[in-house]
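One structure below.
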């Protein structure tokens, strides 16, 4: 999870006295790094390493002029595929998460939606921003049974998988402060809604064409409801996805919060949903949750 951007910059910076030695961590060979606590409190979100040449014209001055050769490695940028989060996006989502934190009251957030809608990727972004733990219901079933979801379908069948999925959700519903990525078909069983309604359900509504692009890029071998050996695999994937989306559309719409990625793309000025970053989607999730919480509390708290 890193992007390499090397830059050499020589400038003069004036640091005020509130930067104390406790805010920085000394590094060998004349470099130093701001501590994580300092970064969080002063809106820095990536580590910077500095090779310092100090000049102190007068011992009486309260600022120190630093001639800095700066090597910058954006190693904490959020990555999903080829997408990276900007500073502005990171700050925006963390600010919004702080605003809704007390209103969430520790409730879990359940992400629902079609396979390929980005529930796991967005869920990880969201959990980091909220300071929540993250869980994937499919992964929990795999850990329980000891084989992959695709193998479970092949060996035991879909009904067996659905029972295990419901059991995983039941256990998760007893937890607090989790963001949970659910399987695409979780909405088809009424009992699953009983468990998810203990938290807040969010539908990541991604249009069919974007789903097809995403799934085609990685293949269908891990998706038992799509995988087949046909030479016309692409066309059959489109048809099957279209059928599943039609069958499940009303069930997804039961979610308390809906995030339309098509509308979000338009708001961001792009026609391609695939161009919308996971961070941008996560920000929209938090925005829509805040609107839901406002309605729930009967006031404009945010």
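In this note's numbering, the protein residues as written are 728 to 1029.
Virtual Cβ for every residue (Gly too), placed ideally from N, Cα, C.
Keep in mind that this is a model prediction, so the values were computed, not measured.
Endpoints, the alpha helix (DSSP H) within which residue i is located
i            : result
residue 900  : Run containing residue 900: none; DSSP gives neither H nor E here.
residue 862  : Note, residue 862: premise wrong, no alpha helix (DSSP H); beta strand (DSSP E) at 860-863.
residue 673  : In the structure as shown, the chain starts at 728 and stops at 1029, and residue 673 therefore has no counterpart that could be examined.
residue 915  : Premise fails: residue 915 is in no alpha helix (DSSP H) and is neither H nor E.
residue 1007 : 1005-1024
residue 844  : Where residue 844 is concerned, there is no enclosing alpha helix (DSSP H), given that its DSSP letter is neither H nor E.
residue 879  : 876-882
Proximity below 7 angstroms, CB of residue i to CB of residue j
i            : j            : result
residue 906  : residue 979  : no
residue 839  : residue 909  : yes
residue 846  : residue 971  : no
residue 841  : residue 911  : yes
residue 864  : residue 890  : no
residue 843  : residue 901  : no
residue 879  : residue 1009 : no
residue 904  : residue 996  : no
residue 1019 : residue 986  : no
Per DSSP, the bridge partner or partners of residue i
i           : result
residue 838 : 908 and 929
residue 986 : 931
Nearest candidate by alpha-carbon position, reference residue i, set the options
i            : options                  : result
residue 1013 : 998, 813 and 831         : 831
residue 941  : 1003, 872, 1021 and 1023 : 1003
residue 1024 : 1010, 967, 829 and 814   : 829
residue 991  : 1001, 902 and 983        : 1001
residue 837  : 988, 1020, 982 and 1015  : 982
residue 1116 : 1016, 1021 and 1022      : Because the chain here runs from 728 to 1029, residue 1116 falls outside it and cannot be looked at.
residue 919  : 938, 896 and 902         : 896
residue 989  : 967, 1006 and 935        : 935
residue 852  : 818, 967 and 975         : 818
residue 815  : 1019, 1018 and 1006      : 1006
residue 993  : 964, 1011 and 899        : 1011
residue 943  : 922, 965 and 933         : 965
residue 899  : 881, 887 and 921         : 921
residue 894  : 977, 999, 866 and 882    : 866
residue 933  : 999, 861, 856 and 813    : 999
Worksheet item: Is the stretch 913-930 in contact with the stretch 815-826, if contact means three or more CB pairs nearer than 8 angstroms?
Response: no
Fill in: At least 3 beta-carbon pairs within less than 8 angstroms: the stretch 864-871 vs the stretch 922-938
no
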